[in-house]
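As you go down the protein sequences, you meet chains A and B in turn.
Residue 1 is where the first sequence starts when you use UniProt numbering, and the numbers rise one by one after that.
Residue 1 is where the second sequence starts when you use UniProt numbering, and the numbers rise one by one after that.
Just so it is clear, CB atoms sit at the ideal spot from N, CA and C, and this is done for glycine as well.
Since the model is a prediction, treat every value here as computed from it, not as a measurement.
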Amino acid sequence: MLAAALVIGFSAVGNSGQAQAQVLKVAGPWEIGGIDPAQTGYVFSRLQVAETLVSADPSGKLVPALAEAWSVSDDGLTWRFTMRTNAIFHDGTPVTAEAAAAGLKQAHAGVGVLTQAPISKIASDGRDVVIQLEKPFAALPAYLVHFSTIILAPLSFDDSGRVAKIIGSGPYKVKSLTPPLKLELEDSGKWWGGAPGIGDVSYLAVGQGETRALMAEAGAADLVFSMLPVSVDRLKRNPMLDVRIATIPRTRILKVNAGSSFFDDAEERQALSYAIDRAGITKVILRNAELAATQLFPPALPGWHMPDLQPLTRDLDRARQLLTEAGWTPGADGILEQDGERFSVTLLTYSSWPELPPIATALQAQLREVGIDVKVSVGNSSEIPSRHQDGTLEMGLISRLYSIVPDPVGTLLQDYGPGGSDWGAMGWSNDELHSVVEQLAVTTDPEERAPLQRRAVEILQEELPSIPVTWSELAVVANKRITGVQIDPLEVNYGLASIRWAE
Amino acid sequence: MRRFLLTRLAQAGIVALVVGALSFALMHALPGDPAMRIAAGRYGPDARIVDAAEKVRLELGLDRPWAVQLTDWIGSLARFDLGHSLVTGAPVLEELKVQLGASVWLAGAALLLSLLIGPTIGVFSGLRPGSLTDRLGLVGAVILRAMPPFVLGLILMLVLAIWLGWLPPAGFGSWRELLLPALTLALGLAAVSSQVTRNAIAAVAKAPYFAFARHKGLPEAVVVRRHGLRNAAIPVVSFLGLQAIYLVEGVVVVESIFAYPGIGHALVHAIIERDVPMVQGTALVMGLMFVVLAATVDLASAWLDPRLRSTQ
């Protein structure tokens, strides 16, 4: 009887749930820890609550957002971004160049990407936001796509200049926010781009990949981001669901200490690369053989991915030969030795990306085949930069995003500039690459840029200061109740406003 | 009664100091640079962590001697101020209000459901020891207790949310979302409370006063209600205090898999991100919850068993 009562009770609830079916339910892994744009701006930018001056389309091309046009002076030092006239903040005030300049000044003083651009002054001049540079920097508009530069209404800030609430200018405004898991949005009724197809949106942060998959299957979410590879095949068989996959500009790489005796020769790093069975890793762990990283940049970065480049492959004989040439000989237990030193290194990785630890153990087994002894240590992501700084990092398996801004020049400057960086080269330097990247930073013409981009990629492929292992993909599951879903490999804007209920 | 309350208040004070100092010491004993962890927690792994960490260190005064930091915390605690989260910047007390509220609902619903399920099965099993019901109850209890909460949670999600489509698999906001995580915890609790009840009822059923009640011709239901339940409830209630440990442990896991905001979820994140004030705050609240729970169990036991009142 109890069971019968429960069944009746649950069925009744199931029916009453239909009344709320008009809300577009979105689930993703990102939590909303706070409302500081540098911290969680991506949630507000992807869900179209707040906008940046410049945006990027799914192919990476820069497109107007709050600024309808931009130009640079002949000396490359003064950029003018002309604001569109019909943009209004959710509190009804117009989005002016003044408000935008004030917001960008805040972003520049914080910890976001803008701090890396050589900016000397930000001001407003009529409808224009004027940015003065210390030296020419062609990638500036791409930096203004980053979520830490979202433009908020002046009333968003409290007296001390901190963001106290999110008043953006996008198609959706915040109805309620329950940090760190839930965000409810509604049609702002004021967007310059017109009314969104679905007025109400609810976003739920679901940390566990299995739970997200079950939510998609149960129809409890209409749109679910970042599915685990193990769930994708099962979800693809579900006739109610539409699974879309895009390669994103994120590569899992081995960051090696090229200053150590293990990796100071290019031959040693090449040998390491030859020892890696990328196809095996991608097939078994990532369930998609296409993700084997044959070069640093994935196909999602046109102009930076070179289809005709000699691919990185597995060749154990070549690996052993290169290691012998570098002076390593097998010891009694099969582990290589040189001048009494064993080729024994620690591979540090972290679990923020759940696939990294299993990939690290696969690498451990593969490198053992050529006589390299690897100890795997799983910690927190901050340990990689920390051990880079104190020089104790031997080898790290990391997941590196190349579209922090849509122009990878910014990331290249950081990662392979003099001295390397947290996530980039360690103990490695290449004058030619520096000069190529410096030239890229000041060159805007795509035709002039192309040969420079090619040369940069070639140097990285030959020298391997970081060894590419696999590319990454973004799997998005949409319920067939909705149409108009677009996958954005750059993860700038999920285009919720163009989603509609299917007929 | 007054002495009882005063003793418990003193206990709460000691718990607050010990938990706060212990979590502070443990967080500082962890390897790695706290500023780096906090920066990674705030700005994500793709940010320029080293630069961000320097700003964080300056902003939060992490380079001050640890003794100064701890004294500050105790001083603030005396003013009922738990400080600010190092990651979100929001007052810890405000964050706890939301998280604790959610967890209390979850734990309360779980306890209620477990009391509906466990003792009911226990009474039926205990009245007929060795029967099929009794043996099935034991097998069920062993399986449920042996299963970690996350496995049980996933199974329930699969059955009730996917196959039957009765409940949403995750989320929060209404009682429908509360049911699955609460049931996950409740089944684990019921697994044990059903057996405790069963043994208590079986013992009571053997007692002379119970046999006498039957002999004098009272209907079985009346015998059980008047002479069985109250006596059997004493061990069950004292057992509930111990169950709180399972509940807190389960809440941490269950909140994570069901995307349910709560104190367990907050604690796990705060530890990873080295958010010391949040860790101290959540640990403190959990510690105080134990004190309150223990006091409630004592009071309930005294109400059920008059012999205990004289000893308190």
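Contact set for residue i: own chain, Cβ-Cβ below 8 Å, skip 5 residues either direction
i, result
"N430(A)", "Y416, I459, E463, P465"
"V436(A)", "L452, R455, A456, I459"
"E341(A)", "S261"
"A16(B)", "L77, L284, G287, L288"
Pairwise C-alpha distance: residue j and residue i
i, j, result
"residue 509(A)", "A117(A)", "This structure leaves residue 509(A) out entirely; chain A is present only between 1 and 503."
"P148(B)", "V254(B)", "10 Å"
"L66(A)", "L53(A)", "4 Å"
"F172(B)", "T294(A)", "43 Å"
"residue 514(A)", "A300(A)", "Given a span of 1 to 503 for chain A in the structure shown, any question on residue 514(A) remains unanswerable."
"A502(A)", "G199(A)", "15 Å"
"E432(A)", "L254(A)", "22 Å"
"L9(B)", "I245(B)", "21 Å"
"R212(A)", "M240(A)", "16 Å"
"Q364(A)", "A450(A)", "37 Å"
"P141(A)", "L62(A)", "8 Å"
"residue 505(A)", "E94(B)", "No answer is possible for residue 505(A): the residues shown for chain A start at 1 and end at 503."
"D33(B)", "V43(A)", "28 Å"
"I440(A)", "E186(A)", "One detail in the question is off: residue 440(A) reads as Leu in this sequence, not Ile. Going by the C-alpha atoms only, they are around 42 Å apart."
"I271(B)", "Q338(A)", "42 Å"
"F225(A)", "V476(A)", "5 Å"
"A100(A)", "A35(B)", "31 Å"
"Y209(B)", "L127(B)", "15 Å"
"A12(B)", "V291(B)", "6 Å"
"N15(A)", "W166(B)", "With a pLDDT of 41 at N15(A), under the threshold of 50, the modelled position of that residue is not reliable, and the figure given next carries that caveat. If I take the Cα positions, the gap works out to 10 Å."
Given residue i as reference, the closest of the options once Cα atoms are compared
i, options, result
"L316(A)", "G303(A), R278(A), P302(A), D339(A)", "R278(A)"
"A110(B)", "M27(B), P219(B), E177(B)", "E177(B)"
"N380(A)", "Q243(B), H269(B), S238(B), W303(B)", "H269(B)"
"L235(A)", "G495(A), S59(A), A502(A), A478(A)", "A478(A)"
"L229(B)", "D305(B), G108(B), I271(B)", "D305(B)"
"A275(A)", "A99(A), L452(A), L367(A)", "L367(A)"
"R84(A)", "Q310(A), D308(A), S169(A)", "S169(A)"
"D222(A)", "W192(A), K25(A), P298(A), L296(A)", "K25(A)"
"V19(B)", "A78(B), L293(B), T296(B), Q280(B)", "Q280(B)"
"V237(B)", "L284(B), P119(B), L218(B), S85(B)", "P119(B)"
"D134(B)", "W166(B), L156(B), L6(B), A202(B)", "A202(B)"
"K165(A)", "L154(B), F290(B), A90(B), V223(B)", "A90(B)"
"S231(A)", "I487(A), L474(A), I482(A)", "L474(A)"
"N288(A)", "E68(A), V95(A), W471(A), A56(A)", "W471(A)"
"L183(A)", "G419(A), W304(A), I122(A), T40(A)", "T40(A)"
"I162(B)", "H146(A), A218(A), L114(A)", "A218(A)"
"P277(B)", "L189(B), L106(B), I263(B), L82(B)", "L82(B)"
"A102(A)", "M395(A), G161(A), P468(A), Y172(A)", "G161(A)"
Own chain partners of residue i with C-beta closer than 6 Å, once the 5 adjacent residues on each side are dropped
i, result
"A360(A)", "L347, T349, V376, L397"
"E268(A)", "A326"
"A21(B)", "none"
"A266(B)", "Q99, T282"
"A362(A)", "I281"
"D422(A)", "P385, H388"
"V23(A)", "D200, S202"
"A139(A)", "D407, V409, G410"
"A141(B)", "A191, S194, Q195"
"S125(B)", "T133, D134, G137, R198"
"residue 517(A)", "Because residue 517(A) is not part of the residues shown, which for chain A are 1 to 503, the question remains open."
Same chain, Cβ closer than 7 Å to residue i, neighbours up to 5 away in sequence not counted
i, result
"Q270(A)", "L322, L464"
"G197(A)", "G484, A497, S498, I499, R500"
"P235(B)", "V196, A200"
"G241(B)", "L293, A294, V297"
"residue 560(A)", "With chain A covering only 1 through 503, there is no way to say anything about residue 560(A)."
"I88(A)", "P94, V95, S169, K190"
"I131(A)", "W79, I119, I122, L140"
Contact with chain E by residue i, beta-carbon distance below 8 Å
i, result
"F239(B)", "Looking at the structure shown, chain E is missing, and the protein chains on hand are A and B."
Problem set entry | Three or more C-beta pairs below 8 Å linking the segment 477-492 of chain A and the segment 311-327 of chain A | no
For this session: Determine, using beta-carbon pairs with one atom in the segment 33-52 of chain A and one in the segment 237-247 of chain A, whether at least three such pairs fall under 8 Å.
Result: no
Problem set entry | Segments assigned beta strand (DSSP E), at least 3 residues, entirely inside the segment 333-378 of chain A | 336-338, 344-350
Exercise. Along the chain, which unbroken stretches of the alpha helix (DSSP H) at least 4 residues long are found entirely within the segment 97-174 of chain A?
Worked result: 97-109, 140-143
For this session: Could you tell me which uninterrupted alpha helix (DSSP H) segments, each at least 4 residues in length, are contained entirely in the segment 198-228 of chain A, listed from first to last along the chain?
Result: 209-218
Problem set entry | At least 3 beta-carbon pairs within less than 8 Å: the segment 172-188 of chain A vs the segment 30-37 of chain A | yes
Exercise. Along the chain, which unbroken stretches of the beta strand (DSSP E) at least 3 residues long are found entirely within the segment 191-265 of chain B?
Worked result: none
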